[in-house]
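Just so you know, the sequences run in chain order A and B.
For our numbering, count along the first sequence from 1 and bump the result up by 17.
For our numbering, count along the second sequence from 1 and bump the result up by 541.
Everything below concerns the one structure shown next.
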Amino acid sequence: MEKVIFNELVKNSKAVLLKGQDLSPSYQEAMKSALGVFEKSGIPTKKNEDWKYTNIGAHLSPRFYQMNESIISDVPKSVLDKQGMIIFNNGIFNKFLSVLPAGIELDSLSPEEKFFDTFDSLNFGVAISPLAIKIKKNSVIKFPISIIHLVDDVGVNKMISPRLSISVEENSKASFVEIFESTNNDLFQYTTNAVTKFNLLPNSYIEHVKIQTEAANSVHIGLTNANVAANATFRSVTVDLGMLTARHNINVALNAPAAETSVHGLFAIKKSEHTDVFSTITHFAPHTNSDQLFKGILGGESHGIFTGKIIVKQDAQQSNSSQLNKNLVLSKKAHIDTRPQLLVHADDVKCSHGATIGQLSFDEEFYLESRGIAKERAKRMLCYGFAADALYKIENDEIRNFAINLVTENFEKTALID
Amino acid sequence: MSTDILNSDYKYGFFTDIETEEFPKGLNEEIVRMISAKKAEPQWLLDYRIKAFHHFEKMILPKWAKLKIPDIDLQNLYYYSAPKKKDVHASLDEIDPELLATFEKLGIPLNEQKRISGVAVDAVFDSVSVATTHRVELEKVGVIFCSISEAVKDYPDLVKKYLGTVVPYSDNYYAALNAAVFSDGSFVYIPKGVKCPLDLSTYFRINAKETGQFERTLIIADEGSFVNYLEGCTAPQRDENQLHAAIVELVALDNAEIKYSTVQNWYAGDKKGLGGIYNFVTKRGNCVGVNSKISWTQVEAGSAITWKYPSCNLIGDNSEGAFYSVALTNNFMQADTGTKMVHIGKNTKSTIISKGISAEQSENNYRGLVKIMPSATGARNYSQCDSMLIGDKAQANTFPYIDVKNNSAVVEHEASTSKISEEQLFYLQSRGLSEEKCISMIVNGFCKDVFKELPLEFSVEAVKLIEMKLENSIG
Chain A
18 MEKVIFNELV KNSKAVLLKG QDLSPSYQEA MKSALGVFEK SGIPTKKNED WKYTNIGAHL
78 SPRFYQMNES IISDVPKSVL DKQGMIIFNN GIFNKFLSVL PAGIELDSLS PEEKFFDTFD
138 SLNFGVAISP LAIKIKKNSV IKFPISIIHL VDDVGVNKMI SPRLSISVEE NSKASFVEIF
198 ESTNNDLFQY TTNAVTKFNL LPNSYIEHVK IQTEAANSVH IGLTNANVAA NATFRSVTVD
258 LGMLTARHNI NVALNAPAAE TSVHGLFAIK KSEHTDVFST ITHFAPHTNS DQLFKGILGG
318 ESHGIFTGKI IVKQDAQQSN SSQLNKNLVL SKKAHIDTRP QLLVHADDVK CSHGATIGQL
378 SFDEEFYLES RGIAKERAKR MLCYGFAADA LYKIENDEIR NFAINLVTEN FEKTALID
Chain B
542 MSTDILNSDY KYGFFTDIET EEFPKGLNEE IVRMISAKKA EPQWLLDYRI KAFHHFEKMI
602 LPKWAKLKIP DIDLQNLYYY SAPKKKDVHA SLDEIDPELL ATFEKLGIPL NEQKRISGVA
662 VDAVFDSVSV ATTHRVELEK VGVIFCSISE AVKDYPDLVK KYLGTVVPYS DNYYAALNAA
722 VFSDGSFVYI PKGVKCPLDL STYFRINAKE TGQFERTLII ADEGSFVNYL EGCTAPQRDE
782 NQLHAAIVEL VALDNAEIKY STVQNWYAGD KKGLGGIYNF VTKRGNCVGV NSKISWTQVE
842 AGSAITWKYP SCNLIGDNSE GAFYSVALTN NFMQADTGTK MVHIGKNTKS TIISKGISAE
902 QSENNYRGLV KIMPSATGAR NYSQCDSMLI GDKAQANTFP YIDVKNNSAV VEHEASTSKI
962 SEEQLFYLQS RGLSEEKCIS MIVNGFCKDV FKELPLEFSV EAVKLIEMKL ENSIG
């Protein structure tokens, strides 16, 4: 089955129409060689250590969405602030609806040769509407910028491939909220293979909050990649509310002294949902810091996976790194695999990691119940309390409130506990 | 004649020049049959070996460990080497005095009058067991302690019932190889309700050149019994690498407890990383019965490459598994070691304490799996793995896998990596201690949680061993 999907993907990717695109010939050449990379490496199987727990090939949609027109004419409801919004419909950049605030402008596209993994190369090879923007020197953007990936009925049964690269120049600062959603979460079935790359120059600051609320029967593969220069800070929070299969690749490289990152997140999944978080933080330079808190709530027969790699290279002396993964398992058949990994090649460093797996405590439930709170409600409160730790890592007030509301609403309307 | 090698940090690096009997080099069905014939084994064991050998031929080398293993030419090894004398010694008088002297030199006197502590020893020299002490005393309480070859002859039913039940020959590459060519090892059976009056111990010595040592240990603790088992190992100092692929199987029935301790000090190669033992060992214990307990304590201070994961299958309800480990690597040593705790029964508990010390250009990896099966209601695990780095070219990696399929389980894992802090050093030095002494004290404190699990004599030996190893590696 996977073999058939792979063959179709290869065939269809080669047939992606580039007519009418303003992509330079050298860029188009690079797309071709990226497809060559994909064809060579194939779809990872469970034998691949990095994909040990997720059979990603099983539910991929083998056809690509490649119409280059914007269908949606209304601003999506989830946009936080209309002063800054970047809108993708079915993976295609919607230039009519999008608004770039002062300080942010379109950047020239550059051909890429090095890819994070096979899906990054596939995305590069078929993303017919890639977007590159840059935040200009000394720009501080106060309001949150929304990046919305909206899939509607024409995207159904297709593979959606948005590609966005953001270059952040010196001394600039911005907060992004990137939301993946569809117009009909109950019915739609599709695959998202999204790539968002950040390149932070010295003294810049970026906060990136990714929120995955895609259609229930779909597959999401997403890469958040960041290169962090001296004195720059990249903060990332990933919130996943469950779907058929979601894979979040987060890859941060601390390339110069005093670069800093925090990679936090939360997933709350139920039924037979499957979420796989694969995070890599590499300390290349001395005096670099990283911090990670990832929380998982698992109900129903769901399966959650957390892999957190922290690599401290030999030159990265005097670096600090801490990682914590906590999981709350609510039902008998839920299943969690966690792999917190530390790879340390420098001696003068402080690194620690921890992982816990547990249940709601009877005492805590009893405390709330004895104060007249119904059992079901008490459980929700405790789950929310568990989740809040990760959500409060979001620094931007508006984004944080948005995320908190979304998660509370989700807890209210879905039967997380059964 | 024993020849000492001068200028060496490894005090067990001498070679005993003793006449040996060797089979031709190479690995084939003929060799497997020869080993079996030499030992006059029953047909079922030969069949087991042949089955394992054919399975081995189909297997490929495992590549998942974070180790750089040079190609090992399995055809260029001797699979059987034994001191030229009778296999079974009725009394110690019949043993070659050269052999006795060797073990004496290693600090393992086989002569019972000379023994200070109440420890019974089975001494394994290359492919065969040369002597087992205190046998009469143990037989009085019904404890069987002998070489596995003897056990095959004298207690075939027990061996047949348990051999390969914990580590089947199809388990992994080296386990299959061992099952085909294993030459000797120790066998222990503790009968119902007996608390073994002596600590039991096996001492492994590789002596001959270009030989692989493939021994097999099987320990069965029947209902309500208890045994404390120790294992030590050394090898001569040589420029070429030697292979050691052993299997240890433990079976604990209802209410039984097995404590297994190892101080592994195989030759680790010289300062340039030349020579040393490749230590590829499969150790596993099955807590079959209710309330049974198995604990592994290991001090890994030798071997050029260590690939070793002493594990527990917690099958019986309320059974307990524990793993305490100190792994020290220096020079160009590589270690990929850890444990697997598989919780199957209800209310099973496991504890993992792992301390890794990595000095110079060495690489020290912890790799562990905690698996809670859907049936393991109320399972509990606590893991802690700390690494200490000495020198800026050393590496310390941790690869824990936690796999939980039951929501009533509580699993905790924590790990840290750091170096000896300047403050700690300064504090001790300001009290008049030399730098070397300070470091050894700090390292000792770092390993204390594990050392305290070792029996007394081993604990002293372990402390000394770590001190000696770290002597010149202070960066």
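Ideal Cβ placement from N, Cα and C applies to all residues, glycine included.
Owing to the predicted nature of the structure, the values given are computational and were not obtained by experimental measurement.
- A buried status is given to Ser199 (chain A), since no fewer than 16 other beta-carbon atoms sit within 10 Å of its beta-carbon.
- In this structure, the beta-carbon distance from Tyr621 (chain B) to Ser724 (chain B) falls below 8 Å.
- Assignment of Thr758 (chain B) by DSSP, reduced to helix, strand and coil, places it in the strand class.
- The DSSP assignment places 121-123, 148-152, 162-168, 175-177, 180-185 as complete runs of the beta strand (DSSP E) inside the region 120-193 of chain A, in order along the chain (cut-off: 3 residues).
- Secondary structure of Met102 (chain A) (DSSP, three-state): strand.
- Looking at the DSSP output, Asn337 (chain A) sits in a beta bridge with A:Asn306, A:Lys367.
- The C-alpha of Ile327 (chain A) lies about 6 Å from the C-alpha of Gln358 (chain A).
- The C-beta distance from Ser899 (chain B) to Ala937 (chain B) rounds to 5 Å, short enough to meet the 8 Å contact threshold.
- In this structure Arg264 (chain A) touches His237 (chain A) by the C-beta definition: roughly 7 Å separates them, less than 8 Å.
- Counting along the chain, Trp585 (chain B) sits inside the alpha helix (DSSP H) bounded by residues 584-599.
- DSSP places Lys960 (chain B) outside both helix and strand once states are collapsed to three, so it counts as coil.
- Note on Leu204 (chain A): under 16 other CB atoms within 10 angstroms of its CB, so exposed under the neighbour-count rule.
- By the neighbour-count definition (other C-beta atoms within 10 Å, threshold 16), Val883 (chain B) is a buried residue.
- Three or more pairs of CB atoms, one per stretch, sit closer than 8 Å, so the region 286-300 of chain A contacts the region 319-334 of chain A.
- If one requires a minimum length of 4 residues, the alpha helix (DSSP H) runs lying completely within the region 956-1010 of chain B are 963-970, 976-992, in chain order.
- Look at Gln965 (chain B): its C-beta is not under 8 Å from any C-beta on chain A.
- No Cβ-Cβ contact shorter than 8 Å links Ser296 (chain A) with Ile322 (chain A).
- Neighbourhood of Glu953 (chain B) in chain A, by CB distance below 9 Å: Gly371, Ala372, Thr373, Ile374, Gly375, in chain order.
- Segment contact: the region 557-568 of chain B against the region 582-590 of chain B, fewer than three CB-CB distances shorter than 8 Å; contact not assigned.
- Boundaries of the beta strand (DSSP E) around Leu359 (chain A): 352-361.
- Separation of the CB atoms of Asn832 (chain B) and Asn796 (chain B) is rounded to 5 Å, and the pair is thereby assigned contact status at 8 Å.
- Under DSSP, Ser296 (chain A) takes part in a beta bridge, and its partners are A:Ile267, A:Gly325.
- Straight through space, the alpha carbons of Ser182 (chain A) and Thr230 (chain A) are spaced by roughly 22 Å.
- Cβ neighbours of Lys214 (chain A) within its own chain (closer than 6 Å, five residues either side excluded): Ser182, Asn242.
- In the DSSP secondary-structure assignment, Val254 (chain A) is bridged to A:Val226, A:His281.
- DSSP, reduced to helix, strand and coil, places Gly726 (chain B) outside both helices and strands of the structure shown, so it counts as coil.
- When Cβ-Cβ separations below 8 Å define contact, Pro303 (chain A) makes no contact with chain B.
- Not one beta carbon of chain A lies nearer than 8 Å to the beta carbon of Pro732 (chain B).
- Pairing Lys750 (chain B) with Asp712 (chain B), the inter-Cα distance amounts to about 28 Å.
- With contacts defined by Cβ atoms closer than 8 Å, Arg757 (chain B) and Ile689 (chain B) form a contacting pair.
- Secondary structure at Leu97 (chain A): coil, using DSSP grouped into helix, strand and coil.
- If you draw a straight line from the Cα of Thr305 (chain A) to the Cα of Asn248 (chain A), it is about 9 Å long.
- Using beta-carbon distances, Leu855 (chain B) does not count as an interface residue toward chain A, since no partner is under 8 Å.
- Residue pairing of Met882 (chain B) in beta bridges, as defined by DSSP: B:Cys853, B:Val911.
- Residue A:Asp364 holds the alpha-carbon nearest to the alpha-carbon of Ser336 (chain A) among A:Lys159, A:His352, A:Asp364.
- Gln936 (chain B) has a beta carbon lying within less than 8 Å of a beta carbon in chain A.
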